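Q:
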């Protein structure tokens with residue numbers, strides 16, 4: 009199927025002519041360098057493989073040329089660097105995921121390799137300074153007569169590195185524990201919760217649904233009830249769809265994860281054949297389908313839904329929603345009114361929401377979320393976000409650097425409070441369908457030029473608070489288990505207060521400046537930092 013001609017040239021996509029926000033996109037595919045004319049369903053994965061601060065793109069979908077890696081040049085163009093970075097053999101894969109499995113600061117690559125007769129196995133390529141090579145471990149035990157449905161990663165055993173959940177479109181499923189030296193060990197039986205249940209598992213996510221800082225697992229299942237393993241206080245997982253809900257509509261494919269009503273927990277939108285459920289979380293992980301009441305149920309026709317994603321597209325402090333389908337009617341773009349109720353704003357637009365994979369990421373580092381789509385054929389499509397009101401509204405992107413937690417901070421929960429609204433994000437490794445998202449927390453801030461309070465709950469269990477954070481920037485936060493411990497003796501006491509007072513009023517580069525006292529990372533030691541120290545006063549962090 010050919011895309012409409014207008015999708016092949018720079019075309020202004022005016023979405024929602026009746027919407028106050030006037031969300032708009034521009035198709036910038038032509039001339040941007042993302043050229044890959046594949047012949048199968050396409051997956052799109054983003055990650056910064058070369059650590060230059062610009063998000064790169066991995067595309068799969070063809071059994072002749074294999075996967076293709078495109079480097080972001082930082083000037084709104086991409087270069088195909090496949091031959092220079094990947095092993096010199098065509099890698100036919102239908103899904104890829106960037107993840108730092110060896111915790112060394114660069115993103116490795118997990119691939120669902122496709123073999124003859126449609127069977128597959130997991131492959132792990134280690135990133136060594138921007139060059140990828142196969143791990144010495146033989147992962148042949150993951151081979152099965154089915155394509156991979158999902159390969160999300162997360163610290164499931166809470167030991168500081170990233171483990172893998174591997175699901176197949178016709179089963180079986182695996183829990184692969186990372187032993188810390190890039191060896192993945194099959195611990196499926198130990199995980200329990202009927203993970204090995206043979207099912208048509210499609211998009212799979214690792215996310216904390218019940219707020220206990222222990223990762224849960226949710227998988228959309230085609231032709232069956234969805235898989236939902238919820239953690240217990242003892243750190244185990246249980247599978248009980250009758251208690252927790254989220255069972256699905258019978259033919260589920262894609263999953264979007266986000267706090268769409270700003271109540272502090274993660275909700276799920278699941279694509280389907282026909283009506284798509286929106287599962288609202290009550291805070292304990294129990295899910296109730298409120299799609300009809302919140303305006304996102306499909307339009308009554310039977311479109312086949314695939315990739316879906318939440319993101320604040322107009323920077324009005326709430327999460328909007330987009331999804332794609334593979335037949336008429338095409339997918340939809342929904343605008344959030346701030347309370348978790350949505351309006352379909354695709355009518356009359358030229359945003360071509362036909363495809364399978366769907367990702368949101370800031371490809372040009374201007375602070376807003378652009379859209380990358382894995383088309384059915386003919387290559388990926390990149391839409392730049394050109395919503396007019398973005399010039400009047402603020403934003404913040406938070407990147408994490410773990411110390412006791414995994415280096416990328418996957419599984420961390422980030423909350424930003426500004427202008428009386430608290431928004432919650434979780435750093436995810438996978439969502440949507442056949443998609444790997446960026447590993448940061450993006451916040452639209454409306455008219456607020458500063459975040460009053462930024463809180464990070466790390467996978468290690470540490471909680472870190474920053475106050476009075478300046479907006480309109482990328483902010484990297486390094487994990488501090490003992491925040492306020494200026495002299496680094498693992499306790500917050502009068503010695504820290506004395507050290508703080510000696511640095512008070514100083515800024516980076518000036519005499520007396522102490523980075524340990526600058527808790528909000530704004531380059532100066534001030535009252536906001538003192539407030540954080542006083543809150544932590546008396547804490548012992550041994």
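In our numbering, the protein residues as written are 9 to 550.
For each residue, glycine too, the CB sits at the ideal point set by N, CA and C.
These figures come from a predicted structure and were not determined experimentally.
Would you call the stretch 313 to 327 in contact with the stretch 353 to 367, where contact means no fewer than 3 C-beta pairs closer than 8 angstroms?
A: As far as the Cβ criterion goes, the stretch 313 to 327 touches the stretch 353 to 367, which means the pair count is three or higher.
Q: If we count the other Cβ atoms within 10 Å of its Cβ and call it buried at 16 or more, is residue 323 buried or exposed?
A: If you number the chain shown from 1, residue 323 lands on position 315. So residue 323 ends up on the buried side.
Q: Tell me the residue span of the beta strand (DSSP E) that contains residue 388.
A: Within the chain shown, the letter at position 380 stands for residue 388. Taken as a continuous stretch (DSSP letters only), the beta strand (DSSP E) holding residue 388 covers 388 to 393.
Q: In angstroms with no decimal places, state the Cα-to-Cα distance between residue 348 and residue 275.
A: Mapped onto the chain shown, residue 348 falls at position 340. Mapped onto the chain shown, residue 275 falls at position 267. Rounded to the nearest angstrom, the two C-alpha atoms are 10 angstroms apart.
Q: Judging by CA-CA distance, which residue of 153, 360 and 111 is the nearest neighbour of residue 128?
A: Along the chain shown, one-based indexing puts residue 128 at 120. Ranking the options by Cα distance to residue 128, first place goes to 153.
Q: Among 81, 51, 75 and 74, whose alpha-carbon lies nearest the alpha-carbon of residue 64?
A: The residue you call residue 64 lines up with position 56 of the chain shown. Checked all of 81, 51, 75 and 74; the closest Cα to residue 64 is 81.
Q: Where does residue 300 fall in DSSP's three states?
A: Residue numbering aside, residue 300 sits at position 292 when the chain shown is read from its first letter. In the structure shown, residue 300 sits in a helix (DSSP, three-state: H, G or I).
Q: Which residue wins for smallest C-alpha separation from residue 451, given the options 441, 76, 463 and 168?
A: The residue given as residue 451 occupies position 443 in the chain shown. When each option's Cα is compared against that of residue 451, the closest is 463.
Q: Just to confirm, is the Cβ distance from residue 212 to residue 204 under 8 angstroms?
A: Locating residue 212 in the chain shown gives position 204, where the first residue counts as 1. Locating residue 204 in the chain shown gives position 196, where the first residue counts as 1. No; because the gap between Cβ atoms is not below 8 angstroms, this pair is not in contact.
Q: Determine, using beta-carbon pairs with one atom in the stretch 136 to 144 and one in the stretch 160 to 167, whether at least three such pairs fall under 8 angstroms.
A: Flag = no, the stretch 136 to 144 and the stretch 160 to 167 do not touch.
Q: When we look at the beta-carbon of residue 528 and count the other beta-carbons within 10 Å, is it buried (16 or more) or exposed?
A: On the chain shown, position 520 is the one that residue 528 refers to. By the 10 Å Cβ count, residue 528 comes out buried.
Q: With a threshold of 7 angstroms on Cβ separation, who are the neighbours of residue 465 within its own chain once the five nearest residues in sequence on each side are excluded?
A: Residue numbering aside, residue 465 sits at position 457 when the chain shown is read from its first letter. Only 221, 420, 421 and 471 meet the Cβ criterion.
Q: When we look at the beta-carbon of residue 121 and count the other beta-carbons within 10 Å, is it buried (16 or more) or exposed?
A: Numbered from its first residue, the chain shown carries residue 121 at position 113. Buried is the call here.
Q: Less than 8 angstroms between the beta carbons of residue 378 and residue 392, yes or no?
A: Position 370 of the chain shown, counted from the start, is the residue given in the question as residue 378. Position 384 of the chain shown, counted from the start, is the residue given in the question as residue 392. Yes. Within cutoff.
Q: For residue 116 and residue 503, I'd like the C-alpha separation in whole angstroms.
A: Counting from one through the chain shown, the residue named residue 116 turns up at place 108. Counting from one through the chain shown, the residue named residue 503 turns up at place 495. Distance between the alpha carbons of residue 116 and residue 503: 42 angstroms.
Q: Please name the residue in 311, 256, 293 and 539 whose C-alpha comes closest to that of residue 285.
A: Residue 285 sits at position 277 when you count from the first residue of the chain shown. Closest option to residue 285, Cα to Cα, is 256.
Q: Roughly how many angstroms separate the alpha carbons of residue 423 and residue 361, rounded to a whole number?
A: Mapped onto the chain shown, residue 423 falls at position 415. Mapped onto the chain shown, residue 361 falls at position 353. If I take the Cα positions, the gap works out to 30 angstroms.
Q: For the structure I just gave you, are there three or more beta carbon pairs, one from the stretch 243 to 263 and one from the stretch 469 to 485, closer than 8 angstroms?
A: Touching, no.
Q: What does a CB cutoff of less than 6 angstroms around residue 417 pick up in its chain, not counting 5 residues either side in sequence?
A: Within the chain shown, numbered from 1, the residue matching residue 417 stands at position 409. These residues qualify, in order along the chain: 408, 410 and 435.
Q: Hey, out of 339, 305 and 240, whose CA is closest to residue 293's CA?
A: Along the chain shown, read from residue 1 onward, the residue named residue 293 stands at position 285. It is 240.
Q: Alpha carbon to alpha carbon, how far is residue 107 from residue 155? Give it in angstroms, no decimals.
A: In the chain shown, counting from the first residue as 1, residue 155 sits at position 147. In the chain shown, counting from the first residue as 1, residue 107 sits at position 99. One C-alpha to the other measures close to 20 angstroms.
Q: Pick from 352, 296 and 483: whose alpha carbon is nearest that of residue 406?
A: Within the chain shown, the letter at position 398 stands for residue 406. With distances taken between Cα atoms, residue 406 lies closest to 483.
Q: With 16 as the cutoff for other CB atoms within 10 Å, does residue 340 come out buried or exposed?
A: Working through the chain shown from its first residue, we reach residue 340 at position 332. Buried, because 16 or more other Cβ atoms sit within 10 Å of the Cβ of residue 340.
Q: Secondary structure at residue 252, three-state DSSP: helix, strand or coil?
A: Walking along the chain shown from the start, residue 252 turns up at place 244. In this structure, residue 252 counts as helix in the three-state DSSP scheme.
Q: Could you tell me which of 291, 514, 159 and 359 sits nearest to residue 217, measuring between CA atoms?
A: The residue labelled residue 217 in the question sits at position 209 within the chain shown. For residue 217, the nearest C-alpha among the options comes from 291.
Q: Run the CB neighbour count on residue 250, radius 10 Å, all protein chains shown included, and call it buried at 16 or more, exposed below.
A: On the chain shown, position 242 is the one that residue 250 refers to. It is exposed - the Cβ of residue 250 has fewer than 16 other Cβ atoms within 10 Å.
Q: Report the option in 173, 215 and 179 whose CA atom is closest to the CA atom of residue 198.
A: The residue given as residue 198 occupies position 190 in the chain shown. Nearest option by C-alpha distance: 173.
Q: Using the Cβ count rule (16 or more neighbours within 10 Å means buried), how would you classify residue 516?
A: As a first step, residue 516 must be located in the chain shown, where it is residue number 508. Exposed, because fewer than 16 other Cβ atoms sit within 10 Å of the Cβ of residue 516.
Q: For the alpha helix (DSSP H) that residue 508 lies in, which residues bound it at each end?
A: Start at 1 with the first residue of the chain shown, and residue 508 comes out as number 500. Element bounds for residue 508: 502 to 511.
Q: Going by C-alpha distance, which of 52, 84 and 489 is nearest residue 76?
A: Position 68 of the chain shown, counting from 1, holds the residue named residue 76. Selected option, being the one with the closest Cα: 52.
Q: Strictly by DSSP, which residues pair up with residue 247?
A: Your numbering for residue 247 matches position 239 in the chain shown. In the DSSP output, where bridge partners are listed per residue, residue 247 has 237.
Q: What does DSSP give as the partner residue(s) for residue 487 in the beta ladder?
A: The sequence position of residue 487 within the chain shown is 479, counting from 1. For residue 487, which the question treats as bridged, DSSP gives no partner whatsoever.
Q: Pull up the CB-CB distance for residue 329 and residue 277, whole angstroms please, since I reckon it's below 8 angstroms.
A: Along the chain shown, read from residue 1 onward, the residue named residue 329 stands at position 321. Along the chain shown, read from residue 1 onward, the residue named residue 277 stands at position 269. With a Cβ gap of about 6 angstroms, residue 329 and residue 277 count as contacting.
Q: Select from 326, 547 and 394 the residue whose C-alpha is nearest the C-alpha of residue 454.
A: Residue 454 sits at position 446 when you count from the first residue of the chain shown. Residue 454 has its Cα closest to that of 326, out of 326, 547 and 394.
Q: Looking only at its chain, what residues have a beta carbon closer than 6 angstroms to the beta carbon of residue 432, apart from the 5 residues adjacent to it on each side?
A: For the purposes of this step, residue 432 is taken as the residue at position 424 of the chain shown. If we look at residue 432 and ignore the five residues flanking it on each side, its Cβ neighbours are 267, 272 and 423.
Q: Please report the distance separating the alpha-carbon of residue 238 from that of residue 194.
A: In the chain shown, counting from the first residue as 1, residue 238 sits at position 230. In the chain shown, counting from the first residue as 1, residue 194 sits at position 186. So the two alpha carbons sit approximately 20 angstroms from each other.
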